[in-house]
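Novice: For the record, the sequence lines run as chains Y, L and U. Under this note's numbering, the first residue of the first sequence carries the number 1, and numbering increases by one thereafter. Under this note's numbering, the first residue of the second sequence carries the number 222, and numbering increases by one thereafter. Under this note's numbering, the first residue of the third sequence carries the number 468, and numbering increases by one thereafter. Here it is, the structure in full.
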Amino acid sequence: MTGFWLIVHRDVVMAWRQGGDGLMAIMFFLITVTLFPLGVGPESGILARIGAAVVWVAALLATLLSLERMFQTDFEDGSFDLIAIAPLPLEAVVLAKCMANWLLTGAPLLLTAPILAMMLHMDREGLAIFVVAMALGTPSLVFIGAIGAALTVGARRGGVLLTLLVLPLYIPVLIFGVGAVEAAVTGQSAQPHLLVLGGLLLGTLPLGLWASTTALKQALE
Amino acid sequence: MHRFANPNRFLRIAALILPWSAAITVTLLVVGLYLALKVSPADYQQGESVRIMYVHVPAAWMALFVYSCLAGASAIALIWKHPLANLAAKASAPIGACFTFIALTTGAIWGKPIWDAWWVWDARLTSVLILFFFYMGHMALTSAFEDASRGERAAAILALVGFINIPVIKWSVDWWNTLHQPASIVRLDGPAIHASMLAPLLIMAASFATYYVSVLILRLRSEILARKMDALRLTRVRDSQEAHSL
Amino acid sequence: MDDTHPPSDTSQEVGVAIGAKKPQKKVGVLFAGRGLVCVRGGRTVFVGLDFALEPGDALVLMGPNGSGKSSLLRIMAGLLKPAEGDLLWHGYAVEDDARSHYARQHYVGHLDGLKVAMTVSENLSFWTGLRMGAVPSASSVRNALSAFGLDCLADFPARILSAGQKRRLSLARVLASPADLWLLDEPTVALDRDSVAALKQAIAHHQQHGGMVVIATHSEMALDRARPLHLDRFVPASELAELQEDAATVLRKNGHKAGKKGRRL
Numbered sequence: 001m002t003g004f005w006l007i008v009h010r011d012v013v014m015a016w017r018q019g020g021d022g023l024m025a026i027m028f029f030l031i032t033v034t035l036f037p038l039g040v041g042p043e044s045g046i047l048a049r050i051g052a053a054v055v056w057v058a059a060l061l062a063t064l065l066s067l068e069r070m071f072q073t074d075f076e077d078g079s080f081d082l083i084a085i086a087p088l089p090l091e092a093v094v095l096a097k098c099m100a101n102w103l104l105t106g107a108p109l110l111l112t113a114p115i116l117a118m119m120l121h122m123d124r125e126g127l128a129i130f131v132v133a134m135a136l137g138t139p140s141l142v143f144i145g146a147i148g149a150a151l152t153v154g155a156r157r158g159g160v161l162l163t164l165l166v167l168p169l170y171i172p173v174l175i176f177g178v179g180a181v182e183a184a185v186t187g188q189s190a191q192p193h194l195l196v197l198g199g200l201l202l203g204t205l206p207l208g209l210w211a212s213t214t215a216l217k218q219a220l221e
Numbered sequence: 222m223h224r225f226a227n228p229n230r231f232l233r234i235a236a237l238i239l240p241w242s243a244a245i246t247v248t249l250l251v252v253g254l255y256l257a258l259k260v261s262p263a264d265y266q267q268g269e270s271v272r273i274m275y276v277h278v279p280a281a282w283m284a285l286f287v288y289s290c291l292a293g294a295s296a297i298a299l300i301w302k303h304p305l306a307n308l309a310a311k312a313s314a315p316i317g318a319c320f321t322f323i324a325l326t327t328g329a330i331w332g333k334p335i336w337d338a339w340w341v342w343d344a345r346l347t348s349v350l351i352l353f354f355f356y357m358g359h360m361a362l363t364s365a366f367e368d369a370s371r372g373e374r375a376a377a378i379l380a381l382v383g384f385i386n387i388p389v390i391k392w393s394v395d396w397w398n399t400l401h402q403p404a405s406i407v408r409l410d411g412p413a414i415h416a417s418m419l420a421p422l423l424i425m426a427a428s429f430a431t432y433y434v435s436v437l438i439l440r441l442r443s444e445i446l447a448r449k450m451d452a453l454r455l456t457r458v459r460d461s462q463e464a465h466s467l
Numbered sequence: 468m469d470d471t472h473p474p475s476d477t478s479q480e481v482g483v484a485i486g487a488k489k490p491q492k493k494v495g496v497l498f499a500g501r502g503l504v505c506v507r508g509g510r511t512v513f514v515g516l517d518f519a520l521e522p523g524d525a526l527v528l529m530g531p532n533g534s535g536k537s538s539l540l541r542i543m544a545g546l547l548k549p550a551e552g553d554l555l556w557h558g559y560a561v562e563d564d565a566r567s568h569y570a571r572q573h574y575v576g577h578l579d580g581l582k583v584a585m586t587v588s589e590n591l592s593f594w595t596g597l598r599m600g601a602v603p604s605a606s607s608v609r610n611a612l613s614a615f616g617l618d619c620l621a622d623f624p625a626r627i628l629s630a631g632q633k634r635r636l637s638l639a640r641v642l643a644s645p646a647d648l649w650l651l652d653e654p655t656v657a658l659d660r661d662s663v664a665a666l667k668q669a670i671a672h673h674q675q676h677g678g679m680v681v682i683a684t685h686s687e688m689a690l691d692r693a694r695p696l697h698l699d700r701f702v703p704a705s706e707l708a709e710l711q712e713d714a715a716t717v718l719r720k721n722g723h724k725a726g727k728k729g730r731r732l
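Structure below.
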């Protein structure tokens, strides 16, 4: 288990000291969300209508930004060879990296999202459900993203390709994440949507770990 | 299974099958189109525009079928490492993407007079669009690496991950309220349409399937030949380098 | 000197190696490879490669660039699977128990695996901790660093290190935790004379205690019990002739003239 936490610690400390990922993702998130009111106009009716979707899409894109560096830097500087021959199974390594990634981007998004949602005039009922939905959804985004990051390690135009591969897989999370908020705002039960989000989380965990590990093993050869 | 692993043996078998499958494709296509456009009845509600169904539905079926073949080939490649499996997946992807594209566009053309909308974001259309993205992603991933075999193996994983979409597409019209009509042919209760419409539909579907087989063989053949030429070029370069260094 | 060492029976003799600090039990061949074939990027790099190592041996890989020294080291580490052939540890196939094989080796490749934003000792501590499954003691980290003259830089970020110092930090890993097998790929690149001497000393000490070393190097290192392995002797003689005939036949059958560029469908 120590190896697992060593990897989490290293990734978090590295990103923290280099000031890169976490902060950039947040800034991107804020700026993107800000663009919409500026584009749509100050009518609070429209903003409230699309607010949940805007924040979710911005969260997806912000997560995408941080994915590229998940495995790439370790491959480039030779760390991955050493990680591969460490006693820790590769699945645990991937899980550790996903956890680090979530701590660096998902958690800050989770904290800033409600503030942004309020800025977009989201209704009070929606806000609580929104936070729950994001708490369930952002880890799924990381697991799915890990698949894309692992598949595109060492590829030409890796960043663009990663986006192309991962966004279609993000669509279910988006649909149910927004659906949960819409249901809450219109007074219906958000429970089915939240249950599906929970199911997606439980599903993407093994799928993400399996696919990422297989892809990383191939990248080693 | 590994009897077919030898590329030369595959090429010989392919050379035998190809003329037949091509001939069957053309025959079935001609017969199917004739039945679809001339003989089969017009719909009492939709009129003549229902005839686009005879292209739309088989194309949609093929989109799913080709993806299933692609996922199957990917699984074989990953588990048994059969050398032709990766090639089969790589060759199938563009064919499936074209079928998906045809299904989407013919669907839009059909939808405009019937639903008065080129596109709606219901479950089935969205999931088929996602299927199209998966095909595109597969093709992009295959060619994204300097080492071609790495790209194929990565694409194999992607194909398996995306296979979840297939059951979603199939049952999306049952699980959600969709504008798209529910299943009327592949159902537990048996087909719900009349034989005079079912027959051309099945013939068209069969012709699309044999078309897929023919084009797949052609693409596999050209892929195998291209590899041989690459390998030949590589050894020629190496030999000339050795000759120079002597 | 003999290049190839035929695998001997694992006979057990108690012998005293002259100059060693403690008596050694000879167990015969411990690490061996049989008929290894390596294929990278469609090209066959080497074929039918055999080697055998006993405790205390040093296998020196020699050969021109591209002859597969790095690939062989990666195969020995378990990072790469050979296209054919076996790797054996004490007679048992390595691939059956990869986890144990990872645990008994140190692999130092071309790249250093250093994070520039972490300090020198943090880097070493991470790799050692990951390998041992427990955070290493500060003293063991310090000792490893001082063996390569890096202890004064221990708390500085790795960013400030020169190429030679980075290499030394990478090598310090082998001293921070024990391993039976050291796999070193061009370890002396960018090292000055003193550092090379320090490395030699570390390797000699390792060998005296029964450790094995496989090292790919261009420089003259004059190790004890060194066995050279010339990889260029295992490069396959022309597969070309076979290939040429095959492709020409195929092209002819498909109606192309040899030399014309085929058109892809």
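Cβ atoms here follow ideal geometry from the backbone N, Cα and C, with glycine treated the same way. Bear in mind that the values here come from a model prediction, so they are computed numbers and not experimental data.
So what's P240 (chain L) in DSSP terms, helix, strand or just coil?
Specialist: By one-based count along the second sequence, residue 240 (chain L) stands at place 19. Helix, per DSSP.
Novice: For V602 (chain U) versus G596 (chain U), is the C-beta distance shorter than 7 Å?
Specialist: Taking the third sequence and counting its residues from 1, one reaches residue 602 (chain U) at position 135. Taking the third sequence and counting its residues from 1, one reaches residue 596 (chain U) at position 129. In contact: V602 (chain U) and G596 (chain U) (Cβ atoms closer than 7 Å).
Novice: For the beta strand (DSSP E) containing G515 (chain U), list its first residue and its last residue.
Specialist: As a working note, residue 515 (chain U) is residue 48 in the third sequence. It spans R510 to L520 - the beta strand (DSSP E) in which G515 (chain U) sits, taken as one unbroken run.
Novice: What would DSSP say about L503 (chain U), mapped onto helix, strand or coil?
Specialist: Numbered from 1 along the third sequence, position 36 holds the residue referred to as residue 503 (chain U). If DSSP states are grouped into helix, strand and coil, L503 (chain U) belongs with the strands.
Novice: Excluding five sequence neighbours on each side, which residues of the same chain lie with their C-beta closer than 8 Å to the C-beta of V153 (chain Y)?
Specialist: In the first sequence, the residue the question calls residue 153 (chain Y) occupies position 153. Only F71, Q72, F75, A215, L216 and A219 meet the Cβ criterion.
Novice: Taking V635 (chain U) as the reference, which of U:W649, U:A646, U:D563 and U:D661 has the closest Cα?
Specialist: Position 168 of the third sequence, counted from the first residue, corresponds to residue 635 (chain U). Reading off the sequence, residue 635 (chain U) comes out as Arg, not Val. For R635 (chain U), the nearest C-alpha among the options comes from U:D661.
Novice: Short of 7 Å in beta carbon distance, which residues of its chain neighbour P139 (chain Y), apart from the five on each side in sequence? Order them along the chain.
Specialist: As a working mapping, residue 139 (chain Y) is identified with position 139 in the first sequence. Hits under 7 Å: W102, G106 and L201.
Novice: Taking only beta-carbon positions, decide if L35 (chain Y) is within less than 7 Å of chain L.
Specialist: Here residue 35 (chain Y) refers to the residue found at position 35 when the first sequence is read from its first residue. No, L35 (chain Y) does not count as interfacial toward chain L.
Novice: Are the stretch 436-445 of chain L and the stretch 229-249 of chain L in contact at 8 Å, needing three or more beta carbon pairs?
Specialist: yes
Novice: When the Cα atoms are used, what is the spatial distance from L423 (chain L) to P279 (chain L)?
Specialist: If you number the second sequence from 1, residue 423 (chain L) lands on position 202. If you number the second sequence from 1, residue 279 (chain L) lands on position 58. Taking the straight line from one Cα to the other gives about 8 Å.
Novice: If the cut-off is 8 Å on Cβ atoms, which residues from the stretch 365-390 of chain L count as contacting chain U, listed in chain order?
Specialist: For the stretch 365-390 of chain L, which is checked against every Cβ of chain U, the residues closer than 8 Å are D368 and S370.
Novice: In whole angstroms, what separates the C-alpha of V583 (chain U) from that of P624 (chain U)?
Specialist: For the purposes of this step, residue 583 (chain U) is taken as the residue at position 116 of the third sequence. For the purposes of this step, residue 624 (chain U) is taken as the residue at position 157 of the third sequence. One C-alpha to the other measures close to 6 Å.
Novice: Counting only beta-carbon atoms, is G508 (chain U) nearer than 7 Å to chain L?
Specialist: The residue labelled residue 508 (chain U) in the question sits at position 41 within the third sequence. For G508 (chain U), the answer is yes, since a Cβ of chain L falls inside 7 Å of its Cβ.
Novice: In terms of alpha-carbon separation, which member of U:V506, U:A499, U:G535 and U:V514 lies closest to A525 (chain U)?
Specialist: Within the third sequence, the letter at position 58 stands for residue 525 (chain U). Here the closest residue by C-alpha is U:A499.
Novice: Got a sec, what are the start and stop residues for the beta strand (DSSP E) A525 (chain U) sits in?
Specialist: On the third sequence, residue 525 (chain U) is found 58 positions in, with the first residue counted as 1. A525 to M529 is the span of the beta strand (DSSP E), which, as asked, contains A525 (chain U).
Novice: Consider the Cβ of S79 (chain Y): report whether some Cβ of chain U lies at a distance smaller than 7 Å.
Specialist: Position 79 of the first sequence holds residue 79 (chain Y). Interface residue, yes.
Novice: Looking only at its chain, what residues have a beta carbon closer than 8 Å to the beta carbon of V94 (chain Y), apart from the 5 residues adjacent to it on each side?
Specialist: Numbered from its first residue, the first sequence carries residue 94 (chain Y) at position 94. Closer than 8 Å at Cβ, skipping near neighbours: A146, A150, G208, L209, S212, T213 and L216.
Novice: Tell me the rounded alpha-carbon separation between G78 (chain Y) and A426 (chain L).
Specialist: Position 78 of the first sequence, counted from the first residue, corresponds to residue 78 (chain Y). Position 205 of the second sequence, counted from the first residue, corresponds to residue 426 (chain L). C-alpha separation (whole angstroms): 51 Å.
Novice: Using a Cβ cut-off of 7 Å, which residues of the stretch 589-605 of chain U contact any Cβ in chain B, in chain order?
Specialist: The structure shown contains no chain B; its protein chains are Y, L and U.
Novice: Let me know the secondary structure DSSP gives G358 (chain L) once reduced to three states.
Specialist: Mapped onto the second sequence, residue 358 (chain L) falls at position 137. It is helical.
Novice: Going by the DSSP bridge assignment, what does R694 (chain U) pair with across the sheet?
Specialist: Here residue 694 (chain U) refers to the residue found at position 227 of the third sequence. Answer is U:L526.
Novice: Which class does I50 (chain Y) belong to by DSSP, given the choice of helix, strand or coil?
Specialist: Here residue 50 (chain Y) corresponds to residue number 50 of the first sequence, with the count starting at 1. The answer is helix: DSSP assigns I50 (chain Y) an H, G or I state.
Novice: In the stretch 305-367 of chain L, which residue ranges form an unbroken beta strand (DSSP E) of at least 3 residues, counting only runs that do not cross its ends?
Specialist: none
Novice: Could you tell me whether the Cβ atoms of H573 (chain U) and L497 (chain U) are closer together than 7 Å?
Specialist: To locate residue 573 (chain U), count along the third sequence from 1; it is residue 106. To locate residue 497 (chain U), count along the third sequence from 1; it is residue 30. Not a contact, by the Cβ cut-off of 7 Å.
Novice: Bridge partners of T586 (chain U), per DSSP?
Specialist: For the purposes of this step, residue 586 (chain U) is taken as residue 119 along the third sequence, with counting starting at 1. Answer by DSSP bridge pairing, in chain order: U:P624.
Novice: Express the C-alpha separation of L362 (chain L) and V514 (chain U) in angstroms, rounding to a whole number.
Specialist: Here residue 514 (chain U) is taken as the residue at index 47 of the third sequence, counted from 1. Here residue 362 (chain L) is taken as the residue at index 141 of the second sequence, counted from 1. In a straight line, the C-alpha of V514 (chain U) is about 32 Å away from that of L362 (chain L).
Novice: State whether the stretch 560-575 of chain U contacts the stretch 543-550 of chain U, with contact taken as three or more CB pairs (one from each stretch) at a distance under 8 Å.
Specialist: yes
Novice: Check the Cβ of L95 (chain Y) against every Cβ in chain U and list those closer than 9 Å, keeping chain order.
Specialist: For the purposes of this step, residue 95 (chain Y) is identified with residue 95 of the first sequence, where counting begins at 1. Against L95 (chain Y), chain U offers no close residue; the least beta-carbon distance is about 15 Å (beta-carbon pairs closer than 9 Å).
Novice: Decide if V458 (chain L) is buried, meaning its Cβ has at least 16 other Cβ atoms within 10 Å, or exposed.
Specialist: In the second sequence, counting from the first residue as 1, residue 458 (chain L) sits at position 237. Its Cβ having fewer than 16 others within 10 Å, V458 (chain L) is exposed.
Novice: Just to confirm, are L47 (chain Y) and L120 (chain Y) a CB contact at a threshold of 7 Å?
Specialist: Mapped onto the first sequence, residue 47 (chain Y) falls at position 47. Mapped onto the first sequence, residue 120 (chain Y) falls at position 120. Result yes, Cβ atoms of L47 (chain Y) and L120 (chain Y) sit closer than 7 Å.
Novice: Is it true that the CB of L254 (chain L) sits closer than 7 Å to the CB of R272 (chain L)?
Specialist: Here residue 272 (chain L) corresponds to residue number 51 of the second sequence, with the count starting at 1. Here residue 254 (chain L) corresponds to residue number 33 of the second sequence, with the count starting at 1. No, they are not a contact pair.
Novice: Pull out every residue of the stretch 545-572 of chain U whose Cβ sits closer than 9 Å to any Cβ of chain Y, in chain order.
Specialist: G545, L546, L547, K548, A565, R566, H568, Y569, A570 and Q572
Novice: Run through chain Y and tell me which residues come within less than 8 Å of F354 (chain L), C-beta to C-beta.
Specialist: Taking the second sequence and counting its residues from 1, one reaches residue 354 (chain L) at position 133. Within chain Y, the residues near F354 (chain L) are L164, L167 and P168.
Novice: Under DSSP, the beta strand (DSSP E) around D652 (chain U) begins and ends at which residues?
Specialist: Within the third sequence, residue 652 (chain U) is the residue found at index 185, counting from 1. Where D652 (chain U) is concerned, the enclosing beta strand (DSSP E) stretches over L648 to D652.
Novice: Please report whether the beta-carbon of R17 (chain Y) lies at a distance below 7 Å from any beta-carbon of chain U.
Specialist: The residue labelled residue 17 (chain Y) in the question sits at position 17 within the first sequence. Closer than 7 Å to the CB of R17 (chain Y) there is at least one CB belonging to chain U.
Novice: Please report how far the alpha carbon of I335 (chain L) lies from the alpha carbon of F176 (chain Y), in whole angstroms.
Specialist: On the second sequence, position 114 is the one that residue 335 (chain L) refers to. On the first sequence, position 176 is the one that residue 176 (chain Y) refers to. The straight-line gap from Cα to Cα measures roughly 29 Å.
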